[in-house]
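J.:
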Amino acid sequence: MLHWLATWMESAHLARLFGYISTRTAGAAITAFLIAVLCGPRVIRWLQRQGIGERIDGTGSQTLEKLHAHKKGTPTMGGLFVVSGIVLACALWMRFDGPNHFSLPGIVLIAGFAGVGFWDDWVKLHDTKKRGISKRQKQGALTLIAVAVAAWLLGPAALESQIGGPHLYVPFFKDVSFDLTGWFGLPFVAIAVLVLTGSANAVNLTDGLDGLATGCIATASLAYAGITYFVGHAELSQYLLVEHVPGAGEATVMMGALLGGALGFLWFNSAPALVFMGDVGSLGLGGALGYVAVVTRTELVLFVVGGVFVAEALSVMIQVASFKLRGKRVFLCAPLHHHFQFGGMPETRVVVRAWVVSALLAMTSLALFKVR
Numbered sequence: 004m005l006h007w008l009a010t011w012m013e014s015a016h017l018a019r020l021f022g023y024i025s026t027r028t029a030g031a032a033i034t035a036f037l038i039a040v041l042c043g044p045r046v047i048r049w050l051q052r053q054g055i056g057e058r059i060d061g062t063g064s065q066t067l068e069k070l071h072a073h074k075k076g077t078p079t080m081g082g083l084f085v086v087s088g089i090v091l092a093c094a095l096w097m098r099f100d101g102p103n104h105f106s107l108p109g110i111v112l113i114a115g116f117a118g119v120g121f122w123d124d125w126v127k128l129h130d131t132k133k134r135g136i137s138k139r140q141k142q143g144a145l146t147l148i149a150v151a152v153a154a155w156l157l158g159p160a161a162l163e164s165q166i167g168g169p170h171l172y173v174p175f176f177k178d179v180s181f182d183l184t185g186w187f188g189l190p191f192v193a194i195a196v197l198v199l200t201g202s203a204n205a206v207n208l209t210d211g212l213d214g215l216a217t218g219c220i221a222t223a224s225l226a227y228a229g230i231t232y233f234v235g236h237a238e239l240s241q242y243l244l245v246e247h248v249p250g251a252g253e254a255t256v257m258m259g260a261l262l263g264g265a266l267g268f269l270w271f272n273s274a275p276a277l278v279f280m281g282d283v284g285s286l287g288l289g290g291a292l293g294y295v296a297v298v299t300r301t302e303l304v305l306f307v308v309g310g311v312f313v314a315e316a317l318s319v320m321i322q323v324a325s326f327k328l329r330g331k332r333v334f335l336c337a338p339l340h341h342h343f344q345f346g347g348m349p350e351t352r353v354v355v356r357a358w359v360v361s362a363l364l365a366m367t368s369l370a371l372f373k374v375r
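Each residue of the sequence shown is one higher than the one before, starting from 4 at the first, in the working numbering.
1) Can you give me the C-alpha to C-alpha distance between Arg52 and Glu302, rounded to a whole angstrom?
2) Quick check on the burial criterion: 16 or more other C-beta atoms within 10 angstroms. Buried or exposed for Leu364?
3) Which whole-angstrom value is the C-beta distance of Gly281 and Gly88, which I expect to be below 8 Å?
4) Excluding the 5 residues flanking Gly61 on each side, which residues of the same chain have their C-beta closer than 6 Å to its C-beta?
5) Going by DSSP in three states, Pro249 sits in which element: helix, strand or coil?
6) Which same chain residues end up closer than 7 Å to Leu335 when comparing Cβ atoms and leaving out the 5 residues on each side of it in sequence?
7) Between the C-alpha atoms of Lys138 and Leu317, what's the straight-line distance to the nearest angstrom?
8) Residue ranges of each alpha helix (DSSP H) run of no fewer than 4 residues wholly in the stretch 277-316, ordered along the chain?
9) In the DSSP assignment, find the unbroken alpha helix (DSSP H) run with Ala274 in it and report its ends.
10) When you compare only the Cα positions, how much space is there between Val126 and Arg134?
11) Leaving out five residues before and five after Val192 in sequence, what residues of the same chain have Cβ atoms less than 8 Å from its Cβ?
12) Measuring CA to CA, which of Leu41, Glu246 and Val298 is closest to Val194?
13) Say whether the stretch 220-228 touches the stretch 320-339, bearing in mind that this needs 3 or more beta-carbon pairs closer than 8 Å, one atom from each stretch.
14) What are the start and end residues of the alpha helix (DSSP H) that includes Lys127?
15) Tell me, please, whether the stretch 241-248 touches the stretch 35-55 by the rule of three or more beta-carbon pairs shorter than 8 Å.
16) For Tyr23, does the count of other Cβ atoms within 10 angstroms reach 16, so buried, or fall short, so exposed?
17) Give me, in chain order, the residues of the same chain whose beta-carbon lies closer than 8 Å to that of Val86; leave out the 5 immediate sequence neighbours on both sides.
18) DSSP three-state call for Tyr23: helix, strand or coil?
19) Whose C-beta lies closer than 8 Å to the C-beta of Ala377 among residues of the same chain, with five residues either side of it excluded?
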């Protein structure tokens with residue numbers, strides 16, 4: 004929007020400045036951060052007046068209830084001001100003209116996933132007999148949105164790509180790829196849905212300790228800011244031996260907004276947390292990470308960038324499968340961060356170590372490009 008206004012005002016210098024992705028990425032990051040920091044206190048007070056606080060009861064673990072008893076009543080659904088800041092920053096700083104066909108679907112996805120999270124949080128907090136909407140309702144709603152966005156992307160992706168459509172690329176093997184355009188693009192839609200919903204749910208599972216998910220989102224968004232810029236740049240993508248996707252570079256601005264929003268929320272969410280993001284925040288932010296992975300055709304690299312989120316999701320899957328098949332638990336408690344808590348590790352140490360691992364994984368992911 005700001006780029007269009009600068010061009011309309013016929014200010015050559017200003018238009019050129021807003022034409023740089025780096026400038027608009029920084030602008031989006033600062034905008035999202037300021038919105039979060041300035042609006043956060045007002046939203047937190049509003050949530051407190053509405054009595055929208057965290058529920059600790061009904062977790063099924065007395066030990067966990069003891070560990071988190073001090074958090075009971077802390078305002079939740081703070082993702083409202085984070086997602087709003089990210090969406091507004093994207094709308095202000097991203098370009099929607101020409102080949103920048105990945106901008107609007109991304110904003111729609113973030114808002115849509117956040118809407119599903121809001122629905123789940125609202126039911127959870129206003130009906131003491133329920134733990135939110137059912138898993139079928141949540142996954143069904145996320146899947147419908149993901150299918151719509153994937154179908155939206157399929158047209159531009161197939162038309163603009165130099166190789167005729169989206170492919171799945173394998174890290175470390177630059178000549179190995181799988182065409183996803185067959186059967187009317189159904190393979191692409193299927194993988195996109197898995198990545199988008201899986202990323203959102205993984206971040207949602209990770210959001211269990213003060214600042215844990217938020218800090219990991221910040222490091223992951225930094226990594227993907229670089230990835231989206233490389234993939235969207237013709238010369239850099241050729242140098243790094245990755246497929247060039249015209250228009251994908253605009254997602255760098257979205258990652259700037261995601262970084263700013265995450266840091267702004269961490270301002271209030273660091274221990275002891277003044278507010279929790281709730282599903283409205285975790286699903287929206289997780290969906291954003293999955294979206295840029297699909298756009299840049301780095302779905303497999305996302306497993307490295309979001310390694311902490313993957314480990315958290317896998318711990319739940321392993322725990323459930325082991326208990327159903329063997330009647331035994333592998334972890335003291337799942338997700339994984341609770342396992343470390345049950346082992347006696349202080350919450351702040353669990354969180355900081357997760358941030359360290361996330362940062363190392365983010366740096367590792369960038370190395371995957373040159374060796375592919």
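A virtual CB, placed ideally from N, CA and C, is assigned to each residue, including glycine. These numbers were taken from a predicted model, which means no experiment stands behind them.
T.: Looking at the atomic coordinates:
1) The residue given as residue 52 occupies position 49 in the sequence shown. The residue given as residue 302 occupies position 299 in the sequence shown. So the alpha carbons of these two residues sit roughly 42 Å apart.
2) Position 361 of the sequence shown holds residue 364. By the neighbour-count rule (16 or more Cβ atoms within 10 Å), Leu364 is buried.
3) The count along the sequence shown starts at 1 and reaches residue 281 at position 278. The count along the sequence shown starts at 1 and reaches residue 88 at position 85. Between Gly88 and Gly281 the Cβ distance is about 15 Å, and since that is not below 8 Å, they are no contact.
4) Taking the first residue of the sequence shown as position 1, residue 61 is located at position 58. Because Gly61 sits at a pLDDT of 48, beneath the cut-off of 50, its placement in the model cannot be relied upon, and the point is left open.
5) As a position in the sequence shown, residue 249 is number 246, starting the count at 1. It is coil, neither helix nor strand.
6) For the purposes of this step, residue 335 is taken as residue 332 along the sequence shown, with counting starting at 1. The residues are His342, Phe345 and Gly346.
7) In the sequence shown, the residue the question calls residue 138 occupies position 135. In the sequence shown, the residue the question calls residue 317 occupies position 314. Looking at the two C-alpha atoms, the distance is approximately 17 Å.
8) 281-298 and 305-308
9) By 1-based counting over the sequence shown, the position of residue 274 is 271. Ala274 -> no alpha helix (DSSP H), and no H or E assigned at all.
10) Along the sequence shown, one-based indexing puts residue 126 at 123. Along the sequence shown, one-based indexing puts residue 134 at 131. One C-alpha to the other measures close to 8 Å.
11) By one-based count along the sequence shown, residue 192 stands at place 189. Within the same chain, Val192 has close Cβ partners Val150, Ala153, Ala154 and Leu157.
12) For the purposes of this step, residue 194 is taken as residue 191 along the sequence shown, with counting starting at 1. Val is not the amino acid found at residue 194; the sequence shown has Ile there. The candidate whose alpha carbon is nearest that of Ile194 is Val298.
13) no
14) Your numbering for residue 127 matches position 124 in the sequence shown. First-last of the alpha helix (DSSP H) with Lys127: Ser106 to His129.
15) no
16) In the sequence shown, the residue the question calls residue 23 occupies position 20. Answer is exposed; the Cβ neighbour count stays below 16.
17) Walking along the sequence shown from the start, residue 86 turns up at place 83. For Val86, where only same-chain residues beyond five positions count, the Cβ hits under 8 Å are Ile113, Ala114, Ala117, Gly264, Val283, Gly284, Gly287 and Leu288.
18) As a working note, residue 23 is residue 20 in the sequence shown. Coil, per DSSP.
19) Any property of residue 377 remains undetermined from this structure, which presents the chain solely from 4 to 375.
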